[in-house]
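> Next up is a structure, given as structure tokens.
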Amino acid sequence: MNENSTTPEYFHCRVRAASDANLVVNVGGRVRICLITDAYDGASALGDLGSGFRGLATLLAAQSHDVTVLVTDLSQNGDAMTHPTHIAANLRLVFLSDVARADAAMIQPMLAPSKAYAVYRYLSMMDFDVAHFLDRGGLGFYAAVGKVQGRIRTLIVTHVTGPTRWRRRLTLDLPDIETLETETLEKVQFENSDLAITSTESAVGCVTELGWKLPRLLRLDRVPSFRRYINLNGKLVTKAIEPGQMKELVFFGSQDRSNGFELFIDIVRQIRCCKSLDLTLIGRHRRTSGELSASRLLRKLTEHRGHIRFLNDIGYEDSVRWLANRTGVLCIFPSSERINSAGIDECFSLGIPFIAGDMAAARELVDAASFEACLVPLTAKDFSKAIESAIENGMPALQSTLQPKKICEHWSSLYSDELIETVCDQITDEPLVSICITHYDRPALLQRAIDHLAVQTYKNIEIIIVDDGSSKAESIEKLGELKRATYRFPLTIIYSDNRYLGAARNLAARHAKGEFLLFHDDDNYAEPNEIEVFVQSALRTGCEILTSQCWIVHEEDGSDGEPRIERFFLGVGGAYSHLQNRFGDANALVRRDTFERLGGFSEIVNVGLEDWEFFLRAHLRGVKITVVPDPLFYYRVNRQSMVHTGDILRNRERIFSVLEADHLGFDSDLSRLAAKPIIEAEIRNQLLSLFEHLPNGDIHTELLDLDPASDLIHEKLALLGRDTKCRTGSEPSIAALPSKGAPDDVPVLLLSGWAFLVTGDSYVPKLWLLDGRFYETINLTFVRRFDVNAQFRLPEHLKVGFHAFIRPTSSLTWFRRRRSIRTSLRHQIATLDRIPARIQAHIDAVEAYRMSRLELPTQDWFGSVSIETDSKSFCILRNAEEFIAPSVIQLAFRHRFVPQAPIKGSLSAIVPLRAETRVWFD
Numbered sequence: 021m022n023e024n025s026t027t028p029e030y031f032h033c034r035v036r037a038a039s040d041a042n043l044v045v046n047v048g049g050r051v052r053i054c055l056i057t058d059a060y061d062g063a064s065a066l067g068d069l070g071s072g073f074r075g076l077a078t079l080l081a082a083q084s085h086d087v088t089v090l091v092t093d094l095s096q097n098g099d100a101m102t103h104p105t106h107i108a109a110n111l112r113l114v115f116l117s118d119v120a121r122a123d124a125a126m127i128q129p130m131l132a133p134s135k136a137y138a139v140y141r142y143l144s145m146m147d148f149d150v151a152h153f154l155d156r157g158g159l160g161f162y163a164a165v166g167k168v169q170g171r172i173r174t175l176i177v178t179h180v181t182g183p184t185r186w187r188r189r190l191t192l193d194l195p196d197i198e199t200l201e202t203e204t205l206e207k208v209q210f211e212n213s214d215l216a217i218t219s220t221e222s223a224v225g226c227v228t229e230l231g232w233k234l235p236r237l238l239r240l241d242r243v244p245s246f247r248r249y250i251n252l253n254g255k256l257v258t259k260a261i262e263p264g265q266m267k268e269l270v271f272f273g274s275q276d277r278s279n280g281f282e283l284f285i286d287i288v289r290q291i292r293c294c295k296s297l298d299l300t301l302i303g304r305h306r307r308t309s310g311e312l313s314a315s316r317l318l319r320k321l322t323e324h325r326g327h328i329r330f331l332n333d334i335g336y337e338d339s340v341r342w343l344a345n346r347t348g349v350l351c352i353f354p355s356s357e358r359i360n361s362a363g364i365d366e367c368f369s370l371g372i373p374f375i376a377g378d379m380a381a382a383r384e385l386v387d388a389a390s391f392e393a394c395l396v397p398l399t400a401k402d403f404s405k406a407i408e409s410a411i412e413n414g415m416p417a418l419q420s421t422l423q424p425k426k427i428c429e430h431w432s433s434l435y436s437d438e439l440i441e442t443v444c445d446q447i448t449d450e451p452l453v454s455i456c457i458t459h460y461d462r463p464a465l466l467q468r469a470i471d472h473l474a475v476q477t478y479k480n481i482e483i484i485i486v487d488d489g490s491s492k493a494e495s496i497e498k499l500g501e502l503k504r505a506t507y508r509f510p511l512t513i514i515y516s517d518n519r520y521l522g523a524a525r526n527l528a529a530r531h532a533k534g535e536f537l538l539f540h541d542d543d544n545y546a547e548p549n550e551i552e553v554f555v556q557s558a559l560r561t562g563c564e565i566l567t568s569q570c571w572i573v574h575e576e577d578g579s580d581g582e583p584r585i586e587r588f589f590l591g592v593g594g595a596y597s598h599l600q601n602r603f604g605d606a607n608a609l610v611r612r613d614t615f616e617r618l619g620g621f622s623e624i625v626n627v628g629l630e631d632w633e634f635f636l637r638a639h640l641r642g643v644k645i646t647v648v649p650d651p652l653f654y655y656r657v658n659r660q661s662m663v664h665t666g667d668i669l670r671n672r673e674r675i676f677s678v679l680e681a682d683h684l685g686f687d688s689d690l691s692r693l694a695a696k697p698i699i700e701a702e703i704r705n706q707l708l709s710l711f712e713h714l715p716n717g718d719i720h721t722e723l724l725d726l727d728p729a730s731d732l733i734h735e736k737l738a739l740l741g742r743d744t745k746c747r748t749g750s751e752p753s754i755a756a757l758p759s760k761g762a763p764d765d766v767p768v769l770l771l772s773g774w775a776f777l778v779t780g781d782s783y784v785p786k787l788w789l790l791d792g793r794f795y796e797t798i799n800l801t802f803v804r805r806f807d808v809n810a811q812f813r814l815p816e817h818l819k820v821g822f823h824a825f826i827r828p829t830s831s832l833t834w835f836r837r838r839r840s841i842r843t844s845l846r847h848q849i850a851t852l853d854r855i856p857a858r859i860q861a862h863i864d865a866v867e868a869y870r871m872s873r874l875e876l877p878t879q880d881w882f883g884s885v886s887i888e889t890d891s892k893s894f895c896i897l898r899n900a901e902e903f904i905a906p907s908v909i910q911l912a913f914r915h916r917f918v919p920q921a922p923i924k925g926s927l928s929a930i931v932p933l934r935a936e937t938r939v940w941f942d
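All the letters of the sequence shown, read from the start, carry residue numbers 21 to 942 under my numbering.
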């Protein structure tokens, strides 16, 4: 559509080729389709966005298309996942964690950019016809950018479900750098998609309000996720509720403001006629105003007498099965969300009655005859009145506007009749490219750089070398050799005093004749197609500055290591650009007129980051910047590199000065304040790298974290003086276990701490050696440790904290290799696991527990179990070999367990050894 247009241009049912694009049409045939989602089937909770791809995948596979679902949740893998029963020969699940582990060319993905890049590499390798992405998460960023540049041929489709930036308007969450980066990934992916699909008209208005340019749009309803619950030839209708039969309220979705979580709490507080309704919350815990959502709910509903159940880790299949078998249930949707209404159409699919806010997205799914019964204004008063009416008077069956058969037909026709495929013609223009090389006393590296440039597939080039004051005889000799040598391109050498990188690059640019400038340091060396790809991408996109990914080569002991992709540049700028360089390396292609308009690089001696400063100035002045997703050159790193030896504070001051020099009306001190934790983290990382090679590096590291006024400072300094290692802590020994409890109780220990592999995966050992005794893990619960994630810069979603119950075992031997686990306790702890990578771990606490057998009231017990102790503790149940975690939290020191199936056979409780414990069944 026209870029200046604000009215969306829709394709109805079938996608038509547009006259203003270079398109061809594939008619019929089997299409190779990839659906990319963070959650799918067992990996997602009901109402999650990824769940919508299940129905689409099943439908497309039934149409004989070749369908691959790429699950990008890095905690899931093919070994641990039980494959759903609907997977067929032409419908397969692939896990990004497995793909990434098999890809030795890049580091393991963790944050959004690296995950998006791993997805791009997978799509490049598999060459799908079509790739479907959600708009949240930015997983299609590199794929969409690469498609526009002609790097891949796959049709990029983005489903509009509610981008992060829009949800942040609703949740009022304060963003971190990762969030700001993700929002930029989402925007660029959306704007560069070949096609965007939306299930609601209102979604388009929301995206337009964000200032995003609209690609081609298609209005299609979501494919029902669970077709076995639906009569495809009939209408979607919910169950009716009889008067006095409603017993339970269900809240769908993550517990945040965008889903109306705060309003839900107020609604429950205002219900007058029944304070004993059970409450079930299906969805992830979140933080609301800094407080854990579940904690906030319990704090505000202290007077509520009903049971409260949190199903935050239940899988999609389990949540559907659980809901489908419930009676007297009413789902509540107090969300002000205008884009996504996935929970409502799933309620219609399952026949579950609901009450929702009267929003445009909801009206598109509900038949007008049912408006009055289920749609209410977004106030606690109106919701509570509607719920009270449903309790006292019942609720009629609700009808939907959704017609499953027609929805399936529309999706089928999209692929069986006409499929857009963008064709990328080879651009034949070859404008002159001036390669500007800076050199300082590295003659061997300079020769390697020239050798690689000499074999470029792109022919129309010139090379300009600026020698920045080299003093070594071999450098002068090498420059003379190059000057006398004959190449197929012009080569000019300019001699200069040592004025540092910015001045040297500007000098080279002043002697350049090309339409484009390619800046190139002497220790970098190019891929054979570097210039060709740069120029083709520049001409296709019209961008004025292009960076690229690069191969990182670590030089160890004078030799180069294996090249890998370790940095994931974005090219585009955003608010995060003041805090870290995500644009790319100085090895970039720049239009010469743009370079001159920006005034080139600033010329400051002995201060780095001149490339970041140049890109930031360009971004602030509206220059169009992009990144080539493929690595086009090799970047050499060693301990003498500027990244390891530069003055971090002086380098950063160069970035702050950009705001002052450009007179943008922005106080640069605010940027300094925002950047403070990042700068401190960089300094800390620089010091930690240094400490790794010191004999007492661990003690130096401990000193980093101590308050300068601490009494422990003198103790640590004394230890450094005596050249001894330090152990602290005052925990009592647990070698002798008290005999409290029944004679047949099994002694158990609870280990609490954190652990992860250096590859970025959560990991907790299964086999332990503690104070000379062997143990095995019998139950494990992962928890969030935001302090650890922040310290090691791990993604927020990665759960590295754990509570592990372990019991003695005699099946191990002393001949197994052991790895010590750090602890501040007076215990010697090691793991005996065969771990494929180095582990970072710490044990915070070791507590004595016992596993006590419980007598069931009946042989097959199907009810709840409550355990109350006289102190705060962590308790679980064990039924045969299955462990049951608490599903309902109540006040006091009480754990309430609500099993999903009857308990058969033996039941045991794992409780603190010294705690007075009461157990009852109800």
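Glycine residues also receive a C-beta, built at the ideal position from the N, C-alpha and C atoms.
In this structure, what does DSSP give as the bridge partners for Ser293?
The sequence position of residue 293 within the sequence shown is 273, counting from 1. Ser is not the amino acid found at residue 293; the sequence shown has Cys there. Beta-bridge pairing links Cys293 to no other residue.
> Can you list the alpha helix (DSSP H) stretches of 4 or more residues lying completely in the region 553-623, in chain order?
As far as the region 553-623 is concerned, its whole alpha helix (DSSP H) runs of at least 4 residues are 612-618.
> Could you tell me the distance, in whole angstroms, from the CA atom of His459 to the CA atom of Asp487?
Locating residue 459 in the sequence shown gives position 439, where the first residue counts as 1. Locating residue 487 in the sequence shown gives position 467, where the first residue counts as 1. Approximately 5 Å, taken between the alpha carbons.
> Report back the beta-carbon spacing between Leu789 and Arg838 to the nearest angstrom; my notes put them in contact at under 8 Å.
Taking the sequence shown and counting its residues from 1, one reaches residue 789 at position 769. Taking the sequence shown and counting its residues from 1, one reaches residue 838 at position 818. Yes, they are in contact, since the Cβ atoms of Leu789 and Arg838 sit about 6 Å apart, within 8 Å.
> Would you mind working out which of Asp718, Phe73 and Arg804 sits nearest Thr843, comparing C-alpha positions?
Residue mapping note: residue 843 aligns to position 823 of the sequence shown, counting from 1. Comparing Cα-Cα distances from Thr843 to each of Asp718, Phe73 and Arg804, the minimum goes to Asp718.
> Could you have a look at Ser782 and say whether DSSP puts it in helix, strand or coil?
As a working mapping, residue 782 is identified with position 762 in the sequence shown. Three-state result, Ser782: strand.
> Run the CB neighbour count on Asn626, radius 10 Å, all protein chains shown included, and call it buried at 16 or more, exposed below.
The count along the sequence shown starts at 1 and reaches residue 626 at position 606. Exposed, since its Cβ has fewer than 16 Cβ neighbours within 10 Å.
> Kindly indicate the opening and closing residues of the alpha helix (DSSP H) around Glu633.
Along the sequence shown, one-based indexing puts residue 633 at 613. Segment Glu630 to Leu640, the alpha helix (DSSP H) holding Glu633.
> Excluding the five sequence neighbours on either side, which residues of its own chain have a C-beta within less than 6 Å of the C-beta of Gln290, listed in chain order?
Start at 1 with the first residue of the sequence shown, and residue 290 comes out as number 270. Same-chain partners within the cutoff: Ala400 and Ser404.
> Return the bridge partner residues of Pro828 from the DSSP annotation.
Walking along the sequence shown from the start, residue 828 turns up at place 808. Beta-bridge pairing links Pro828 to Tyr795.
> State buried or exposed for Arg602, treating a residue as buried only when at least 16 other CB atoms are found within 10 Å of its CB.
Position 582 of the sequence shown, counting from 1, holds the residue named residue 602. Flag for Arg602 reads buried.
> Does Leu708 pass the burial test, meaning 16 or more other C-beta atoms within 10 Å, or should it be called exposed?
As a position in the sequence shown, residue 708 is number 688, starting the count at 1. Leu708 comes out exposed.
> Kindly indicate which three-state DSSP category Val168 falls into: helix, strand or coil?
Position 148 of the sequence shown, counting from 1, holds the residue named residue 168. Reduced to three states, the DSSP call for Val168 is helix.
> With a threshold of 16 other CB atoms inside 10 Å of the CB of Leu90, please say whether the residue is buried or exposed.
Residue mapping note: residue 90 aligns to position 70 of the sequence shown, counting from 1. By the 10 Å Cβ count, Leu90 comes out buried.
> Where DSSP assigns a beta bridge to Tyr869, which residues make up the other side?
Within the sequence shown, the letter at position 849 stands for residue 869. Per DSSP, Val768 and Pro932.
> For Phe271, is the classification buried or exposed, using 16 other Cβ atoms within 10 angstroms of its Cβ as the cut-off for buried?
For the purposes of this step, residue 271 is taken as residue 251 along the sequence shown, with counting starting at 1. Buried.
> Judging by CA-CA distance, which residue of Ser134, Gly170 and Thr174 is the nearest neighbour of Leu55?
By 1-based counting over the sequence shown, the position of residue 55 is 35. Leu55 has its Cα closest to that of Thr174, out of Ser134, Gly170 and Thr174.
> Between Leu852, Lys233 and Leu159, which has its C-alpha nearest Leu131's C-alpha?
As a first step, residue 131 must be located in the sequence shown, where it is residue number 111. Nearest option by C-alpha distance: Leu159.
> In whole angstroms, what separates the C-alpha of Phe509 from that of Gln476?
As a working note, residue 509 is residue 489 in the sequence shown. As a working note, residue 476 is residue 456 in the sequence shown. Phe509 and Gln476: Cα-Cα distance of roughly 11 Å.
> So which of Ser278, Tyr435, Lys207 and Ala393 has the shortest CA-CA distance to Ala260?
Stepping through the sequence shown from its first residue, residue 260 is reached at position 240. Among Ser278, Tyr435, Lys207 and Ala393, the Cα nearest to that of Ala260 is on Ala393.
> Between which residues of its own chain and His574 is the CB-CB distance below 6 Å, once the five residues before and five after are set aside?
Position 554 of the sequence shown, counted from the first residue, corresponds to residue 574. Excluding positions up to five away in sequence, the list reads Gly581 and Val657.
> Could you tell me whether any non-hydrogen atom of the ligand FMN is closer than 7 Å to the CB of Ser409?
The ligand FMN is not part of this structure, which contains no ligands at all.
> Give the C-beta separation of Ala929 and Ala861 to the nearest angstrom, bearing in mind that I take them to be a contact with Cβ-Cβ under 8 Å.
Along the sequence shown, one-based indexing puts residue 929 at 909. Along the sequence shown, one-based indexing puts residue 861 at 841. With a Cβ gap of about 28 Å, Ala929 and Ala861 do not count as contacting.
> Between the region 631-641 and the region 224-236, can you find at least three pairs of beta-carbon atoms closer than 8 Å?
The answer is no - the region 631-641 does not touch the region 224-236, with fewer than three Cβ pairs under 8 Å.
> Relative to the C-alpha of Gly522, which residue among Ile513, Gly534, Asp541 and Tyr507 is closest?
On the sequence shown, position 502 is the one that residue 522 refers to. Among Ile513, Gly534, Asp541 and Tyr507, the Cα nearest to that of Gly522 is on Asp541.
> Distance check for Trp186 and Thr204, CA to CA, integer angstroms please.
By 1-based counting over the sequence shown, the position of residue 204 is 184. By 1-based counting over the sequence shown, the position of residue 186 is 166. Their backbone Cα atoms lie some 12 Å apart in a straight line.
> By Cβ distance, which residues of its chain are closer than 7 Å to His532, with the 5 residues on each side in sequence left out?
If you number the sequence shown from 1, residue 532 lands on position 512. Before going on, a small fix: residue 532 reads as Ala here, not His. Contacts found: Ser454, Cys456, Ile484 and Arg612.
> Which of the three DSSP states, helix, strand or coil, is assigned to Gln209?
Reading the sequence shown from its first residue, position 189 is the one you call residue 209. DSSP places Gln209 in helix when its eight states are reduced to three.
> Tell me whether Asp605 is buried or exposed, calling it buried when 16 or more other Cβ atoms sit within 10 Å of its Cβ.
In the sequence shown, residue 605 corresponds to position 585, counting from 1. With 16 or more Cβ atoms within 10 Å of its Cβ, Asp605 is classed as buried.
> By Cβ distance below 6 Å, which residues in the same chain neighbour Leu256 in space, the five residues on each side in sequence not counted?
As a first step, residue 256 must be located in the sequence shown, where it is residue number 236. Hits under 6 Å: Phe368, Ser420 and Leu422.
> Can you name the start and end residues of the beta strand (DSSP E) that Trp788 belongs to?
The count along the sequence shown starts at 1 and reaches residue 788 at position 768. Element bounds for Trp788: Leu787 to Leu790.
> Express the C-alpha separation of Arg804 and Phe15 in angstroms, rounding to a whole number.
No answer is possible for residue 15: it lies beyond the span of the chain, which begins at 21 and ends at 942.
> Among Gln706, Leu787 and Phe653, which has the Cα closest to the Cα of Arg584?
As a working note, residue 584 is residue 564 in the sequence shown. Cα-wise, what sits closest to Arg584 is Phe653.
> Around the Cβ of Ser219, are there at least 16 other Cβ atoms within 10 angstroms (buried) or fewer (exposed)?
Working through the sequence shown from its first residue, we reach residue 219 at position 199. It counts as buried.
> Might you give, ordered along the chain, the residues of its own chain that have their beta carbon closer than 6 Å to the beta carbon of Leu814, omitting 5 neighbours on each side?
For the purposes of this step, residue 814 is taken as the residue at position 794 of the sequence shown. Here the set comprises nothing.
> Below 7 Å CB to CB, which residues in the same chain sit around Asp449 once its five sequence neighbours on both sides are set aside?
Here the question's residue 449 lines up with position 429 in the sequence shown. So the qualifying residues of the chain are Leu559.
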